[in-house]
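Notes follow once the structure below has been shown.
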Amino acid sequence: MTGASGEKVEFASIVVIGQSLGTTTDSSGNYFLALPEGYYKIKFSCIGFVSEERTAKIMASKTTKLDVALEEMENRAQEVVVTGTMQESYKAASVTPVEIYTPKLFQKNPSPNLFNALQMVNGVRPQLNCNVCNTGDIHINGMEGPYTMVLIDGMPIVSSLSTVYGLMGIPNGIVERIEVVKGPASTLYGSEAVGGVVNVITKNPTKAPTLYSDFNANTWGEYNADLSAKWKHGKVNSLVSLNYFHFKNRIDKNKDGFTDMTLQDRLSIFSKWSFERKENRLATLGIRLLYEDRFGGQTNFRNQFRGTDSVYGESIYTKRAELIGAYQLPFKKQNVVFYYSYNFHDQNSAYGTTMFLAKQHVAFGQLVWTKKLGKSHQLVAGTAIRYTSYTDNTAASRWPQDSSKYQWANTLLPGIFWQDDVTISSKSKLLVGNRLDLHPVHGYIVSPRIGYKLQLHRYHSLRLNTGNGFRVVNVFTEDHAALTGARKVVFEENLEPEKSWNGNVNYTAYLPFEKGFINVDASFFYNYFSNKIIPDYLSDANKIVYKNLEGYAINRGIALSLDINFSNSLKIQLAGTAMEAFKKERYKTGNYFHVNQLLSPNFQGNASVSYTIPYLNVAIDYTSQVYSPMKLPVYPNDYRPAFSPWFSLHNVQISKNYRHSTYYIGIKNIFDFVPQNPILRPFDPFDKNVNDPINNPHNYTFDPNYTYAPLQGIRAYVGLRLVIK
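Following the working numbering from start to finish, the sequence shown increments by one per residue and tops out at 918.
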């Protein structure tokens with residue numbers, strides 16, 4: 194008997210169902226059971242593995258060989274992570290708390306992209322920012338999207354302009370696993386990693402299935418296809434992945450004249466190569482191309498109305514190219530790796546009559562040296578440089594000498610960093626590090642970090658981490674509301690960079706019991722911001738006012754997750770995060786005024802229940818998310834509630850494995866929850882009749898930013914997944 198990866202499983206239990214016969218495996222995973230001739234149902238089980246039942250036919254005077262490979266339960270402590278310390282280590286040994294999520298979790302509630310998949314992660318909330326074009330970002334522990342750094346294979350591919358729609362362009366089909374660090378990570382990944390890091394680890398050409406495909410469709414008319422293949426030629430391992438998403442139905446369930454979900458045509462091509470070198474040195478190269486045609490607006494919109502005031506529409510064409518690679522330098526007895534990336538982003542968009550045309554080049558290079566010093570020090574040091582070239586057609590990019598021309602803003606951000614992972618004893622480790630970046634406007638930026646891990650018991654760990662962050666805001670690439678044309682953008686002053694201090698205390702436990710085990714993960718987090726830049730939607734209904742906060746802002750809370758695994762193929766995951774995010778604004782009188790952050794619930798929870806029927810190869814998965822009320826952007830005398838209600842989203846799926854295939858069918862949003870009145874004055878999107886004192890006494894204007902949940906109601910889906918290893 195072996196595990197799924199081939200390791201021998203010793204002292205496992207083998208029981209003949211319905212009879213008092215059984216045995217156990219020896220230290221080599223072998224077993225022998227003497228049975229008379231006949232048919233038998235045999236159960237194989239072992240702590241830490243999913244039980245399996247097999248039917249065996251025993252013939253007289255003949256030895257029957259029955260090999261079994263048990264699937265290991267998801268004891269995440271033994272998984273290898275890289276995000277916390279920029280080098281491979283077991284999660285249990287890492288000073289930085291790292292959460293790992295594999296496609297197995299996301300397949301319980303399939304989605305076409307990374308943005309939607311992350312709703313299943315505790316403390317992480319995909320936030321839609323517009324009910325017309327469905328742009329969105331990722332909130333970690335209540336902090337807005339710009340505080341989350343999204344990496345692909347450790348590279349800052351998703352940044353600046355690409356944060357607006359880029360997350361929806363990352364297909365789940367290229368993902369091997371996702372590593373999430375909640376809290377300060379600025380020392381290794383730059384000062385922008387204030388709220389946390391989402392690191393998308395793409396499939397490895399040497400480990401990926403030979404052929405993989407996943408096709409699904411739903412009753413709304415969404416079609417998603419993932420297809421990938423790998424092969425080897427000489428010393429080169431290659432992987433090619435293709436994703437296509439199509440949705441063209443103009444659905445208007447709430448009868449406001451606007452599409453409830455954006456129409457999308459998206460094609461993504463990903464190719465990755467790994468090269469076999471002497472002494473097993475690292476060499477990889479990846480390329481991804483993306484094209485997307487996205488539209489949301491009035492249902493009678495046609496392309497000839499793009500950019501005009503005839504019929505309102507938000508139409509976005511996106512072209513994107515990415516390159517990611519790593520090359521280990523041929524130094525003897527030294528581990529030096531050069532990591533590099535480049536991306537080009539071209540956005541051609543029309544938000545009503547407002548045309549937004551933007552282009553961006555981002556090149557990044559990082560040289561990392563890792564060295565074990567003595568028995569107790571694991572050193573990581575390196576230097577990094579990021580070059581950003583950006584232009585758009587807003588006033589900020591116009592030439593002073595000629596307002597009809599636009600200039601490129603070029604930014605060079607070099608930095609150096611070091612980090613030492615110190616083993617104090619068999620039960621305690623210390624992590625210290627610092628980073629120095631040189632910003633062309635704000636000068637030197639220092640980002641220190643310190644962490645400590647204490648092994649309280651074999652299965653109990655305590656981690657403490659603290660650090661700081663520094664962030665420069667790019668309004669037009671981070672805040673979609675600044676582009677809708679619904680409000681005027683106002684800057685009250687020259688914006689100073691934000692600064693923050695962050696702390697995190699994390700406790701993890703692995704609790705085995707006779708029928709399985711429980712993984713426990715609990716955290717307390719605290720973030721303090723100064724100079725925080727907060728868009729003010731409330732002071733003036735027709736403006737978005739940007740300014741540095743006179744005062745401070747705080748984000749704090751606790752998170753708890755329980756992963757309960759039973760040997761009878763039942764698995765329950767329960768998680769919740771209680772938090773508060775607010776600012777203390779100082780008035781001229783010197784007094785401070787407490788203001789809650791918009792679109793930040795005080796509680797959010799996740800749950801999933803999975804049960805596998807082994808002899809049928811059928812799995813049943815239930816998943817759900819629940820959110821407490823959150824403050825919403827409303828107008829003076831607005832008839833819509835200033836806070837969202839408690840709401841929850843529930844999904845169920847049934848899947849069956851047959852040979853290399855998995856057939857699945859499910860229902861999303863079972864109870865058909867959708868927000869009410871998502872768009873203010875949808876019948877007058879160009880504000881042509883705003884000044885009508887009889888029909889519009891409160892001077893309301895068109896506003897699509899009253900959003901806290903998707904407008905997609907209940908829908909059924911069906912899919913087929915094929916995996917040939």
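Note that the Cβ used here is the ideal one computed from N, Cα and C, for glycine as well. Please read these numbers as outputs of a predicted model, since none were measured by experiment.
Going by DSSP, what residue range makes up the alpha helix (DSSP H) through residue i?
i, result
"residue 741", "Careful: residue 741 lies outside any alpha helix (DSSP H) and carries neither H nor E."
"residue 309", "307-310"
"residue 641", "Premise fails: residue 641 is in no alpha helix (DSSP H) and is neither H nor E."
Exposed or buried, what is residue i when buried is set at 16 or more other beta-carbons lying within 10 Å of its beta-carbon?
i, result
"residue 499", "buried"
"residue 743", "exposed"
"residue 350", "buried"
"residue 671", "With a pLDDT of 49 at residue 671, under the threshold of 50, the modelled position of this residue cannot be trusted; read the value that follows with caution. Per the 10 Å Cβ criterion, buried."
"residue 808", "exposed"
"residue 674", "Residue placement at residue 674 is flagged as unreliable, the pLDDT there being 49, under the threshold of 50; the coordinate-derived value follows with that caveat. With 16 or more other Cβ atoms within 10 Å, it is buried."
"residue 348", "buried"
"residue 911", "exposed"
"residue 269", "The pLDDT assigned to residue 269 is 46, lower than 50, so where the model puts this residue is not dependable; a value taken from the coordinates is nonetheless given after this. With 16 or more other Cβ atoms within 10 Å, it is buried."
"residue 869", "exposed"
"residue 614", "buried"
"residue 332", "buried"
"residue 540", "buried"
If the criterion is Cβ atoms closer than 8 Å, does the pair residue i and residue j meet it?
i, j, result
"residue 645", "residue 485", "no"
"residue 364", "residue 436", "yes"
"residue 748", "residue 335", "yes"
"residue 725", "residue 776", "yes"
"residue 293", "residue 372", "yes"
"residue 792", "residue 769", "no"
"residue 695", "residue 376", "yes"
"residue 519", "residue 504", "no"
"residue 917", "residue 853", "yes"
"residue 629", "residue 609", "yes"
"residue 400", "residue 367", "no"
"residue 549", "residue 490", "no"
"residue 840", "residue 825", "no"
"residue 766", "residue 723", "no"
"residue 248", "residue 232", "yes"
"residue 386", "residue 558", "no"
"residue 324", "residue 886", "no"
"residue 261", "residue 299", "no"
What does DSSP give as the partner residue(s) for residue i in the beta ladder?
i, result
"residue 319", "331"
"residue 392", "344 and 372"
"residue 896", "873"
"residue 660", "642 and 695"
"residue 336", "333"
"residue 811", "806 and 849"
"residue 721", "694 and 747"
"residue 620", "Paired residues: none, contrary to the question."
"residue 516", "480 and 535"
"residue 844", "816"
"residue 612", "573 and 626"
Counting along the chain, where does the beta strand (DSSP E) carrying residue i start and finish?
i, result
"residue 297", "Residue 297 -> not in any beta strand (DSSP E); alpha helix (DSSP H) instead, spanning 296-299."
"residue 575", "570-585"
"residue 252", "Note, residue 252: premise wrong, no beta strand (DSSP E); not H, not E."
"residue 230", "Careful: residue 230 lies outside any beta strand (DSSP E) and carries neither H nor E."
"residue 766", "763-779"
"residue 548", "547-566"
"residue 527", "Neither: residue 527 is in no beta strand (DSSP E) and is coded neither H nor E."
"residue 912", "908-917"
"residue 920", "What is shown of the chain runs 194 to 918, which leaves residue 920 out entirely."
"residue 422", "416-426"
Taking CB distances under 8 Å as the criterion, tell me whether residue i reaches chain D.
i, result
"residue 593", "The structure shown has no chain D; it contains just one protein chain."
Assuming residue i and residue j form a contact by the criterion Cβ under 8 Å, report the distance between their Cβ atoms to the nearest whole angstrom.
i, j, result
"residue 447", "residue 413", "Not quite, the Cβ-Cβ distance comes to about 14 Å (not below 8 Å), so this is no contact."
"residue 488", "residue 461", "Between residue 461 and residue 488 the Cβ distance is about 18 Å, and since that is not below 8 Å, they are no contact."
"residue 711", "residue 755", "6 Å"
"residue 415", "residue 440", "5 Å"
"residue 915", "residue 542", "Not confirmed; about 37 Å, so no contact."
"residue 845", "residue 872", "About 30 Å; that fails the 8 Å criterion."
"residue 949", "residue 649", "Shown here, the chain extends from 194 to 918; a query on residue 949 therefore has no answer."
"residue 683", "residue 637", "Not confirmed; about 31 Å, so no contact."
"residue 545", "residue 879", "7 Å"
"residue 584", "residue 571", "About 43 Å; that fails the 8 Å criterion."
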